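Q: Numbering (the numbering used here), first residue to last: 1287 to 1949.
A virtual CB, placed ideally from N, CA and C, is assigned to each residue, including glycine.
Bear in mind the structure is a predicted one, so any value in this text is a computation, not a measurement.
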């Protein structure tokens, strides 16, 4: 089978003529004679024919030559990025002694099968799960605090100290458990013996309680309740498992400066529902707590430390290959070091090019796709002399890379609860898993993609001036960027750039967490744009603005059609069409919903009817949805939803019900 032809430009004669006529109508409306007999039209057709011949010749430029031209322009393929997620380590019992989890050495993978290799993630940083118990127990009633004695990490209140809340309980009443060490990222189990609380209308599955962790500046962050064996004190004794936020801080409570975990009465449940509080508080006879695990960030990458590349031969333009490739973007502490003779290791600095490097600057560049480190070349100038760009290590100097990460790619975007296999057992760790899906993994850039951006790179000259420049350079800053839109500044304010990260696969229901760029990604983009913005221009990076849409469909299927299949295919079609990454196309996956494009109810009828076996759509309603909370508007949104210029559609929770036609 013949290989497909590569076309750099696919425009033909008639398309060029039509485009020129459209430009005439806009630029010179006085020109009304567009017949082929008009001399101007004849000239247009002549130039279109000449342009088509040029395109024909351009499309026959060999692939190798085109790559060489891009090399001369300094255009290189972007490397991959690693998928990221969080791993929850669970101990076999509450920690009595510290359990160490070493960053880079703690590896967790998916289950290896006969056809698929395990996909391995590494914990990013060292972490210690401390063996600690509460040092203090405090009850807060009506903004008054009372400390209750704690012995061996357990508090056993007596008499009037047993109710943790007031009589009757009020919003703001709380119980506090204080710890000497940080609670950040810990999975904490609170065990208590208590009587039943009483309160009409209190839902044991969603009580009006907030478990929170002190942040040290008077603020509190909520902990996730994974298990509540007490049913919000409705069941009495039991255990509560809490996932603490990433950090905690020391706060003075009841005369003690500790890290605090508190349970506070609120006027709303954890899901934001208005709720009545308890009429009678529970009585706590015993309460204690201990860490039983931790939730740690991890990435789909392997690390190499202090890899020796070889010795310098003292000549310019040396290239050293890393052992593994492709290489993930280097972090600040990941760099090249050179040691001369018996001296100390001296760090060198990574640059995009040697254009501004002098002969004494310790600079290097790295090709992340091929895993090659290049030192400064010596260039012969027009006058016959030679100019050295970047320093050259003396002969016999040793070169090494302090650390680098390799791997990445979209294969790391694994589903939730799939990273369960510890590569090496860790004492006291019983299990591990990823509560949420991994995201952010992007393959190394393909050659076709580099070709498409080559012309834009030449035009912008790496300077952000127009809105198009900002949008293009955001994509250059990180391969994880899928789409970007630049909003012109208003009244001298900052240039606002909204960023949408890549998600794979995208033709499904996407969570808001997947669609919002993380802090590391925004930091990389901000640093890249800061070097290329005009003096006096301020930039504000934000997530894309989404209009959440939920669709409810009631349809009639053909008599012999599989109802379950139809419901699944209609759901798939809706999640694909109402999608900021691949939506907006009636022919399947597209390039993403167009910014500012309105949504008409009628177009969704066509999407549903295109599914094989659908005979008739009985009901189709649109509802606006808050993607953050999942709360859906109680009233239909109507037949026409207007979007802002920088806004796109994203799917909420669609519901499809199919029934057979009655015979």
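1) Are the beta-carbon atoms belonging to residue 1471 and residue 1530 less than 8 Å from one another?
2) Per DSSP, residue 1505 forms a beta bridge with which residues?
3) Put residue 1807 into one of helix, strand or coil per three-state DSSP.
4) Look at the alpha carbon of residue 1851 and the alpha carbon of residue 1894, and state the distance between them as a whole number of angstroms.
5) Look up residue 1377 in the DSSP assignment and give the residues it is bridged to.
6) What are the start and end residues of each continuous beta strand (DSSP E) run of 3 or more residues lying completely inside the segment 1721-1795, in chain order?
7) Taking only runs of the alpha helix (DSSP H) that begin and end inside the segment 1308-1341, which ones reach a length of at least 4 residues, in chain order?
8) At a cut of 8 Å, does the segment 1699-1712 reach the segment 1396-1406 through at least three beta carbon pairs?
9) How would you label residue 1574, buried or exposed, when you count the other beta carbons within 10 angstroms and need 16 or more for buried?
10) May I ask you to report which of helix, strand or coil DSSP gives residue 1649?
11) Using a Cβ-Cβ cut-off of 8 Å (strictly less than) and excluding sequence neighbours within five positions of residue 1928, which residues of its own chain qualify?
12) Please return the same chain residues whose Cβ sits closer than 6 Å to the Cβ of residue 1645, not counting the five positions on each side in sequence.
13) Identify, in the order they occur along the chain, each residue of the same chain with its Cβ nearer than 6 Å to the Cβ of residue 1863, setting aside the five sequence neighbours on each side.
14) Would you say residue 1518 and residue 1493 are within 8 Å of each other, going by their C-beta atoms?
15) Using a threshold of 8 Å, state whether the C-beta atoms of residue 1620 and residue 1608 are closer than that.
16) Along the chain, where does the beta strand (DSSP E) that runs through residue 1596 open and close?
17) How many angstroms separate the CA atom of residue 1829 from the CA atom of residue 1750?
18) Around the C-beta of residue 1314, are 16 or more other C-beta atoms found within 10 angstroms, so that it is buried, or is it exposed?
19) Please return the same chain residues whose Cβ sits closer than 6 Å to the Cβ of residue 1557, not counting the five positions on each side in sequence.
20) Confirm, please, whether the CB-CB distance from residue 1797 to residue 1918 is below 8 Å.
21) With a CB to CB cut of under 6 Å and the five nearest residues on each side skipped, what residues in its chain are close to residue 1756?
22) Would you report the Cα separation of residue 1714 and residue 1374, rounded to the nearest angstrom?
23) Is the separation between the beta-carbon of residue 1498 and that of residue 1550 shorter than 8 Å?
24) Do you know how far the Cα of residue 1545 is from the Cα of residue 1431?
25) Give the DSSP bridge partners of residue 1837, in chain order.
26) Measuring CA to CA, which of 1826, 1808 and 1680 is closest to residue 1632?
27) Quick one: residues in its chain with C-beta nearer than 6 Å to the C-beta of residue 1562, no 5 flanking neighbours on either side, listed in chain order?
28) In its own chain, which residues sit with a C-beta less than 6 Å from the C-beta of residue 1941, not counting the 5 before and 5 after it?
29) Does the separation of the CB atoms of residue 1587 and residue 1408 fall below 8 Å?
30) Just to confirm my understanding: we take residue 1766, look at its own chain, exclude 5 residues before and 5 after, and list those with CB closer than 7 Å. What are they?
31) How many Å lie between residue 1825 and residue 1816 at the Cα?
32) What did DSSP end up calling residue 1354 once you bin it into helix, strand or coil?
33) Between which two residues does the alpha helix (DSSP H) holding residue 1799 run?
34) Apart from the five residues on each side of it in sequence, which residues of its chain come closer than 8 Å, Cβ to Cβ, to residue 1897?
35) Can you tell me where the beta strand (DSSP E) holding residue 1464 begins and where it ends?
36) Going by C-alpha to C-alpha distance, which of 1340, 1819, 1365 and 1683 sits closest to residue 1656?
A: Taking the coordinates as given:
1) Contact flag set, yes.
2) Bridge partners of residue 1505: none, in fact.
3) DSSP places residue 1807 in helix when its eight states are reduced to three.
4) Whole-angstrom Cα-Cα distance: 13 Å.
5) Per DSSP, 1715.
6) Note on the segment 1721-1795: whole beta strand (DSSP E) runs with a minimum of 3 residues are 1767-1773 and 1781-1787, in chain order.
7) As far as the segment 1308-1341 is concerned, it has no whole alpha helix (DSSP H) run of at least 4 residues.
8) Yes: at least three Cβ pairs fall under 8 Å.
9) Buried.
10) In this structure, residue 1649 counts as strand in the three-state DSSP scheme.
11) Hits under 8 Å: 1884.
12) Closer than 6 Å at Cβ, skipping near neighbours: 1674.
13) Within the same chain, residue 1863 has close Cβ partners 1869 and 1893.
14) The answer is yes: Cβ separation under 8 Å.
15) Going by C-beta atoms, residue 1620 is not nearer than 8 Å to residue 1608.
16) 1587-1597 is the span of the beta strand (DSSP E), which, as asked, contains residue 1596.
17) Answer to the nearest angstrom: the Cα atoms are 19 Å apart.
18) Looking at its Cβ environment, which holds fewer than 16 other Cβ atoms inside 10 Å, residue 1314 is exposed.
19) Once the five neighbours on either side are set aside, the close Cβ partners of residue 1557 are 1492.
20) In this structure, residue 1797 does not lie closer than 8 Å to residue 1918 by Cβ.
21) Around residue 1756: 1750, 1772 and 1783.
22) Looking at the two C-alpha atoms, the distance is approximately 14 Å.
23) Cβ distance < 8 Å, so residue 1498 and residue 1550 count as in contact.
24) Inter-residue distance for residue 1431 and residue 1545 is about 16 Å (C-alpha atoms, whole angstroms).
25) Answer by DSSP bridge pairing, in chain order: 1908.
26) The candidate whose alpha carbon is nearest that of residue 1632 is 1680.
27) If we look at residue 1562 and ignore the five residues flanking it on each side, its Cβ neighbours are 1487.
28) Same-chain partners within the cutoff: 1838.
29) Yes, these two residues count as a Cβ contact at 8 Å.
30) Around residue 1766: 1367, 1726, 1728, 1787, 1788 and 1807.
31) Going by C-alpha positions, residue 1825 is about 8 Å away from residue 1816.
32) Three-state result, residue 1354: helix.
33) Counting along the chain, the alpha helix (DSSP H) containing residue 1799 begins and ends at 1798-1801.
34) Cβ neighbours of residue 1897 beyond the five flanking positions: 1852, 1855, 1856 and 1859.
35) First-last of the beta strand (DSSP E) with residue 1464: 1460-1465.
36) Selection 1340, 1819, 1365 and 1683 evaluated against residue 1656 yields 1365 as nearest (Cα-Cα).
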